[in-house]
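Residue 78 in this note's numbering sits at position 34 of the sequence shown, with consecutive numbering throughout.
Quick reminder that beta carbons are idealized off the backbone N, C-alpha and C, glycines included.
Before any comments, here is the structure.
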Amino acid sequence: MTTLRTLILAVAGTLAAGAASAGELRPAGAASLDLGTLAGVAYYTPEPAGYRVTVTLAPRAAAPAARFEAVLASGQSVTVSTPREAGAAARAVTITRTGDAVTVIPVRAREIVEATASIE
């Protein structure tokens, strides 16, 4: 299992060099995810029903990885989160498809943008 974790983290590190932690994905690209005790990558592939978004996460300690998949039509989004200690907000990212674009945004960054938009 340590080899799988090492491989996933190595791929995540390599892909992170070409993709921002918050921003638009390309079909052949991936985004690095940081969810506290979990790290991973998110990518998508176009399908007839929509874009299949795949998120692979691995605990920072030695343990098997977890994978999450969702098919998104334009205008749809999905949030992936990990709980934290009692009373603390979960760490999360939201993956959104708008037309042919897919974006990955940490929830804190999204909340700041929404708060700024409501002030103006």
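DSSP three-state label for residue i, please.
i      : result
Val70  : Val is not the amino acid found at residue 70; the sequence shown has Arg there. In the structure shown, Arg70 sits in coil (DSSP, three-state: anything other than H, G, I, E or B).
Ser65  : The predicted model places Ser65 with a pLDDT of 48, which falls under 50 and marks its position as unreliable; any figure quoted below should be read in that light. Note: Ser65 maps to coil in three-state DSSP.
Arg96  : strand
Ile149 : strand
Arg128 : coil
Pro103 : strand
Pro90  : strand
Ser118 : coil
Thr138 : strand
Asp78  : strand
Ala83  : strand
Ala110 : strand
Going by beta carbon distance, what residues of the same chain come within less than 8 Å of residue i, once the five residues before and after it are set aside?
i      : result
Val115 : Glu91, Ala93, Gly94, Tyr95, Arg96 and Val97
Leu104 : Checking the sequence, you will find Arg at residue 104 rather than Leu. Excluding positions up to five away in sequence, the list reads Thr81, Leu82 and Ala83.
Apart from the five residues just before and just after residue i, which ones in its own chain have a Cβ nearer than 7 Å to its Cβ?
i      : result
Gly80  : Thr126, Arg128 and Arg135
Pro71  : Tyr88, Thr89 and Pro90
Gln120 : Arg141
Ala110 : Leu101
Phe112 : Val99 and Val124
For residue i, which residues from the same chain have a beta carbon less than 6 Å from its beta carbon, with the 5 sequence-adjacent residues on both sides left out?
i      : result
Ala145 : Glu68
Thr123 : Ala136 and Thr138
Thr147 : Glu68 and Thr140
Gly143 : Ser118
Are the C-beta atoms of residue i and some chain C residue less than 9 Å apart?
i      : result
Pro108 : In the structure shown, chain C cannot be found, because there is only a single protein chain.
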